[in-house]
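For reference, the structure is listed below as structure tokens.
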Amino acid sequence: MEVGMSTACFFGRLLNEEALQEIGDMGIHLAEVFFAGQCEYEPSFLHKLRRIAREKEIRIRSIHAFTTQFEPQLLSVHPRQYGEAFETLHKVLAAAQMLGADTYVFHGPPYLKTARKLHIDYSRVGRTVSEIADLAADYGVRLCYETVHWCWYQFPDFAPRLLEHVSSDNLYFTLDMKQAAQSGYDMNEYIDKMNGRLAHVHVCDFRVDDQEGTVPAMPMQGQADWNGLRSKLHETGFDGDLMLEVYTRDYDTREQLWESYEAVRSYFA
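Residues 274 to 542 in the numbering used here are what the sequence shown lists, from first letter to last.
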């Protein structure tokens, strides 16, 4: 297991090219790029990121698209929405390929109309996810569907039910620690139902507050079961990456962010 840092840790403070430079200046050599807009899929911008990565000896392992721009429409039944979304998907996968990333963290559609129960046509969705995963494979990228509490993958059984209808062998999963907690499930329950396809972990922490609910916290400073997670990852033979992804509102200084990274790196060494 190797520990890296996502540019999402600087969201709202630094632009992506500045965030990647900062990660390199901290001496971190593994990163995830969290794209912030359509313009960042353009070759001119990607060349800039690639140059920074080479200068700082950073391996960009994963990318995270600006999901709400197109991912919900990938699963749309409307042909124009579906078609345009796939055009953007090609750009995202080409961007990953250009940066040397082999992992695409995928949210999929949101679950916003919570007044109605969520009903998923797994047969139809499985066919489309297979198409997305196979296209990603053409670019040398793994599709990693992420546990997100406001999207379809908000409960552990989503993974095995989806896998029943997926023909592609390029579908994997990303565990997001804080999102799992916000969904109300134990992290290990998600892992147990991923059928050995856990490929990527977003590292954070959380705390439960009577007023605020389940809110993110810096690693090792909340209520996450770190011992349980480490044991489960060893038990399942996980050999993917642990990517630090925290919110800017949860820390004040670069030193605090570095200390969190070091704490995680040391813990999983």
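Think of the CB as a built atom: it goes at the ideal place given N, C-alpha and C, for glycine as much as any other residue.
If we count the other Cβ atoms within 10 Å of its Cβ and call it buried at 16 or more, is residue i buried or exposed?
i: residue 484; result: exposed
i: residue 477; result: buried
i: residue 380; result: buried
i: residue 432; result: buried
i: residue 322; result: buried
i: residue 505; result: buried
Where does residue i fall in DSSP's three states?
i: residue 539; result: helix
i: residue 411; result: helix
i: residue 418; result: strand
i: residue 402; result: helix
i: residue 329; result: coil
i: residue 322; result: helix
i: residue 523; result: helix
i: residue 397; result: helix
Determine which residues share a DSSP beta bridge with residue i and list them.
i: residue 516; result: 277, 475
i: residue 601; result: A query on residue 601 cannot be resolved here, the shown segment of the chain reaching from 274 to 542 and no further.
i: residue 424; result: 383
Is the beta carbon of residue i within less than 7 Å of some heavy atom of the ligand FAD?
i: residue 528; result: What this structure holds is no ligand at all, so the ligand FAD is not there to describe.
Please look up how many angstroms separate the CB atoms of residue i and residue j, rounded, as I've assumed it's under 8 Å.
i: residue 473; j: residue 518; result: That pair is no contact at about 10 Å.
i: residue 304; j: residue 277; result: 5 Å
i: residue 415; j: residue 409; result: 7 Å
i: residue 307; j: residue 337; result: 4 Å
i: residue 463; j: residue 453; result: 6 Å
i: residue 430; j: residue 466; result: 6 Å
Can you list the beta strand (DSSP E) stretches of 3 or more residues lying completely in the segment 430-517, in chain order? 444-449, 471-476, 478-482, 486-490, 514-517
What runs of the alpha helix (DSSP H), each 4 residues or longer, lie entirely inside the segment 342-372? 344-347, 352-372
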